[in-house]
Amino acid sequence: MKGFVTIFIVNITDLDDKVFEKAEMEGINFEDLAERYTQEFITSLERFRINSINAFHKASNYLNEIEYQIDHLIKNGHAYQVDGDIFFDVSSFPDYGLLSNQTPCELMLRRLNPDPKKRDQRDFLLWRSGIGKPQYFKSKFGIGQPGWHIEDTAISLSVFRGGYDIHGGAVDLIFPHHEAEIAQGESFISQHPFVKYWIHTGLLLLEGEKMSKSLGNIISLKDALDQWDPDVLKLCLLSRHYRETFNLRRNDIKDFEGQVTLIRNTVKRLRKRVINSRRDHNNSNVQTRFQNHISNFYGSLENDLDIPKALNALIFLIRAVDKDMVGVNQDLLNELLKMLAILGLEA
Ligand SMILES: [Zn+2]
Numbered sequence: 032m033k034g035f036v037t038i039f040i041v042n043i044t045d046l047d048d049k050v051f052e053k054a055e056m057e058g059i060n061f062e063d064l065a066e067r068y069t070q071e072f073i074t075s076l077e078r079f080r081i082n083s084i085n086a087f088h089k090a091s092n093y094l095n096e097i098e099y100q101i102d103h104l105i106k107n108g109h110a111y112q113v114d115g116d117i118f119f120d121v122s123s124f125p126d127y128g129l130l131s132n133q134t135p136c137e138l139m140l141r142r143l144n145p146d147p148k149k150r151d152q153r154d155f156l157l158w159r160s161g162i163g164k165p166q167y168f169k170s171k172f173g174i175g176q177p178g179w180h181i182e183d184t185a186i187s188l189s190v191f192r193g194g195y196d197i198h199g200g201a202v203d204l205i206f207p208h209h210e211a212e213i214a215q216g217e218s219f220i221s222q223h224p225f226v227k228y229w230i231h232t233g234l235l236l237l238e239g240e241k242m243s244k245s246l247g248n249i250i251s252l253k254d255a256l257d258q259w260d261p262d263v264l265k266l267c268l269l270s271r272h273y274r275e276t277f278n279l280r281r282n283d284i285k286d287f288e289g290q291v292t293l294i295r296n297t298v299k300r301l302r303k304r305v306i307n308s309r310r311d312h313n314n315s316n317v318q319t320r321f322q323n324h325i326s327n328f329y330g331s332l333e334n335d336l337d338i339p340k341a342l343n344a345l346i347f348l349i350r351a352v353d354k355d356m357v358g359v360n361q362d363l364l365n366e367l368l369k370m371l372a373i374l375g376l377e378a
């Protein structure tokens, strides 16, 4: 982010029934399975030149914090235990529904995981008793598994003790997941807001359909990078605003090859040109000639991260440079390399 030092953490949901089931099928520990996929994910991010993430945190390393937070919520009247299961008491948190803009009445109609043990059907699970299940953990509440929502709050509030600035995710996580995180988080630290900004991306569709394991139409980042040049894929993905639904069509990706070639060739020529004309006088008019595109690039990024528009400005700049290299200098090259680095494109 421009002018801000950021700490960006990503959680790894390794405490999950799907992970446990697959590990059991393969006859290995769930930790080993999760580690294998985590490493694959990190390698793919590196190949894709996504280098802004400072740390990855696995939920399984936060079981003590999960226990501590649940205990705290129970003691402060925000949670209750019934037959080993522990639920968050939504009636103790009046802001529940604010993020997803739902009234208590609407929330009542949208029953999720109905359970006769719940005092109020809007309540959500913090801890599920797991007696007799192969994957369970010991806690002061008995043997069981944490609910998904509390895993994230345990991680984020361990790292950012007093709350934090930005929480991201796709729109399908707003309810119930992020709504639940707010209820737990704010009840736990007695602070509002515990997250200042929620940033939600649109969904990624593949050939017009939601990517889902049951439909079998999932492309992992690794598979995608095996098929396409990282920059070509990236330009394609950056061509839509982050809040829009993105319908990825395999045949559309190659349309971005031309732009990538143009960028690479122009940077190469510009580099040569700058080296050959190093002793030339610095021509300040040159920068002014391109300033419009440079300003549009940064202006677009500052306007709710309008990357498609920033990308347009970059392409305009590249075309302008490509057409006329008279008097170009090191400053311009540096500026261009900085812009490419911001978008994570190779230069
Ligand atoms: Zn989360």
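Residue numbers (this note's numbering): 32 to 378. Quick reminder that beta carbons are idealized off the backbone N, C-alpha and C, glycines included.
Contacting residues, own chain, Cβ-Cβ under 6 Å from HIS198 (five flanking each side not counted): VAL226 and TRP229
Where ASP116 falls: helix, strand or coil (DSSP): strand
Reduced DSSP secondary structure (H/G/I, E/B, other) of ASP102: helix
Beta-carbon proximity of HIS209 to SER122, cut-off 9 Å: no
C-alpha gap between ASN365 and VAL263, whole angstroms: Rounded to whole angstroms, ASN365 to VAL263 spans 22 Å at the Cα level.
Where the beta strand (DSSP E) containing PHE277 begins and where it ends: 277-279
Reference MET242, options VAL291, ASP116, ASP203 and GLY216, closest by Cα: ASP203
Exposure of VAL291, with buried meaning 16 or more beta-carbon neighbours within 10 Å: buried
Per-residue DSSP class, three states only, for GLU366: helix
Paired residues, beta bridge with SER170 - DSSP: Per DSSP, GLY173.
Simplified DSSP state of ALA86, which is helix, strand or coil: strand
CB contact flag (PHE155, ALA211, <9 Å): yes
Terminal residues of the beta strand (DSSP E) in which LEU156 lies: 155-160
Other residues of its chain near ARG304: CB distance less than 7 Å, five sequence neighbours each side excluded: MET356 and VAL359
Beta-ladder partner(s) of TRP229, from DSSP: HIS198
Outcome for ILE349 when other beta-carbon atoms lying within 10 angstroms are tallied against a minimum of 16: buried
Validate contact between the stretch 35-55 and the stretch 87-99 using beta carbons, cut 8 Å, 3 pairs: yes
Touching by the beta-carbon criterion (3+ pairs, under 8 Å), the stretch 174-188 and the stretch 91-111: Result yes; three or more Cβ-Cβ pairs closer than 8 Å.
Inter-residue Cα distance where the pair is PRO135 and GLU96: 30 Å
Which listed residue (ARG159, PRO207, LEU157 and ILE81) has its alpha carbon closest to that of MET139: PRO207
Spatial distance of LEU269 from ASN327 (CA atoms): The alpha-carbon atoms of LEU269 and ASN327 are separated by roughly 16 Å.
Reference LEU279; option with closest CA among LYS106, GLY233 and PHE79: GLY233
For LEU188, the nearest candidate out of ARG150, GLN215 and ASP126 (CA to CA): Nearest in C-alpha terms to LEU188, of all of ARG150, GLN215 and ASP126, is GLN215.
Three-state secondary structure (DSSP) of ALA110: strand
Contacts around ILE249, its chain only, beta-carbon distance under 8 Å, and the 5 residues preceding and following it disregarded: LEU237, MET242 and SER243
Of the listed residues ARG192, ALA65 and TYR111, nearest to TRP158 (C-alpha basis): TYR111
Expected contact under 8 Å - CB spacing of GLU71 and LYS265 to nearest Å: Taking a contact as a CB-CB distance under 8 Å, the pair GLU71 and LYS265 does not count as one, their CB atoms being some 19 Å apart.
GLU212 beta carbon near ligand 1 (any heavy atom closer than 8 Å): yes
Run of the beta strand (DSSP E) containing VAL41, from where it starts to where it stops: 40-43 is the extent of the beta strand (DSSP E) around VAL41.
Range of the contiguous alpha helix (DSSP H) that encloses LEU204: Note, LEU204: premise wrong, no alpha helix (DSSP H); not H, not E.
Inter-residue CB distance, LEU235 and PHE277 (contact presumed, cutoff 8 Å): Correct: roughly 5 Å between the Cβ atoms.
Entirely enclosed alpha helix (DSSP H) segments - the stretch 300-356, minimum 4 residues: 315-333 and 338-354
Residue burial classification, GLY128 (beta-carbon count within 10 angstroms, cutoff 16): The residue is buried, with at least 16 neighbouring Cβ atoms inside 10 Å.
Check whether ALA378 and ILE294 have beta carbons under 9 Å apart: yes
Proximity of LEU376 and VAL317 at Cβ, strictly below 9 Å: no
Cβ-Cβ distance between ARG150 and PHE124 below 9 Å: Cβ distance not < 9 Å, so ARG150 and PHE124 don't count as in contact.
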